[in-house]
Amino acid sequence: MPIATQTQTTTLPTSSPSVLKLRAPNAQEPAHVKQLRENGFAVVPNVLGKERAEEYVRRANEWLKAFGKGFDVEDRSTWHVQNLPPHHRGGLYNDLAVGHEDLLWSIRAEPELIKIFAELWGTDELLVSFDGANFSIPLPKEEIQNGGAPWPHVDQSPLKRELNCVQGIMNLAPNGPTDGGLMVLSGSFPLYKQFFEEHAHEEPEGGWPKIDSYHHTPSQLQWFYDRGCEWKHVDAGAGDVILWDSRCIHYGAAPTGDNARYATYVCYKPADMCSPEHLEERKQAAAKYYNMSHDPTCARVVTNRQAAVRSEPSKPFQHTERTKRLAGIEAY
21 MPIATQTQTT TLPTSSPSVL KLRAPNAQEP AHVKQLRENG FAVVPNVLGK
71 ERAEEYVRRA NEWLKAFGKG FDVEDRSTWH VQNLPPHHRG GLYNDLAVGH
121 EDLLWSIRAE PELIKIFAEL WGTDELLVSF DGANFSIPLP KEEIQNGGAP
171 WPHVDQSPLK RELNCVQGIM NLAPNGPTDG GLMVLSGSFP LYKQFFEEHA
221 HEEPEGGWPK IDSYHHTPSQ LQWFYDRGCE WKHVDAGAGD VILWDSRCIH
271 YGAAPTGDNA RYATYVCYKP ADMCSPEHLE ERKQAAAKYY NMSHDPTCAR
321 VVTNRQAAVR SEPSKPFQHT ERTKRLAGIE AY
């Protein structure tokens, strides 16, 4: 049975003009900021109420059903790849204009979510990513890209050795060990710089990739295992936010149990880190309903390769003054 996939076309981003730093440590800082600083990942509990999270799950299922391919969350006989829109790795959606759906923008506009990143960076003048979502319905293994195998990577170019981005997942449904979700290689974060220094001999002939993504080989992973790093599933409740430093090795796992995974990718960074050239790229992407990669100030444009299926959001978001600034459509 064919696996639903999609092809991405990207353009390299404009370089970010500033140096990114977390807010200065202090005795009153939230526990998740301390954990992020020390471990490279953290969970912020109860950012959305349970009812709010459940409403977003309902809307996600409506979005899946509206493609008219036969999916119905209430009918498990429809939980098959041919009944779902095109996606990656069991439920990763970063095409189909999903990044500009009312559903995703409503989540990005949640005040308590924005507050988390404002506290991280010490400013509420932020830009937000035009990233996608993960609505992973449990599928037979053979219907998942690469059989659901792990795909360990970091979301940062090896050319960047310091803090570059803190990514986020807005978790909408209970997410335990068999429900898919974020897997992190615990202990890999503080070894990021050392790894690339000691593996300089593995630099490709054309140099390390500029793109903010690097996939590790099994032998490279063994280097981390030899130093005590272990895989950990990041458990999260409905309405929790997961944060991780882009230097932390990770991947998204497909569900292996009976429960579906519902989450959206959220990332905010200080607006003053974005160049005028990249602001213009963001405006053009928004006008064409293109997704972009995770970093709001230095993102790749992901053109809509599934335009024949859907080229515009099914329900466009009605922007407020606040979200126009988050989008970069209007200046602070």
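Letter by letter, the sequence shown follows residues 21 to 352 in my numbering. For glycine and all other residues, C-beta sits at the position ideal for the given N, C-alpha and C.
Query	Result
Straight-line gap, K41 to W228 (C-alpha atoms, nearest Å)	24 Å
Distance CB(Y352)-CB(A291) smaller than 8 Å	yes
C-alpha distance - N81 paired with F87, whole-angstrom precision	11 Å
Presumed contact (8 Å Cβ cut-off) between D232 and D144, rounded CB distance	24 Å between Cβ atoms; not a contact.
Which residues DSSP lists as bridging V93, in chain order	Partner(s): none; V93 has no beta bridge.
M203 - partner residues in DSSP beta bridges	H253 and Y271
Beta carbon of F91 nearer than 8 Å to that of W264	no
Backbone CA spacing between P178 and S97 [nearest angstrom]	44 Å
Selected residue, minimal CA-CA separation from V254, among K303, N191 and Q240	N191
Collapsed DSSP secondary structure at L159 in the structure displayed	coil
Contact with chain C by E350, beta-carbon distance below 8 Å	Protein chain content of the structure displayed is limited to a single chain, and chain C is not contained in it.
Counterpart residues of G363 in DSSP-defined beta bridges	The first residue shown for the chain is 21 and the last is 352, placing residue 363 beyond what the model contains.
Counterpart residues of F61 in DSSP-defined beta bridges	W264
DSSP state of R281 mapped onto helix, strand, coil	strand
Endpoints, the alpha helix (DSSP H) within which L299 is located	P296 to K308
Beta carbon of A193 nearer than 8 Å to that of V118	no
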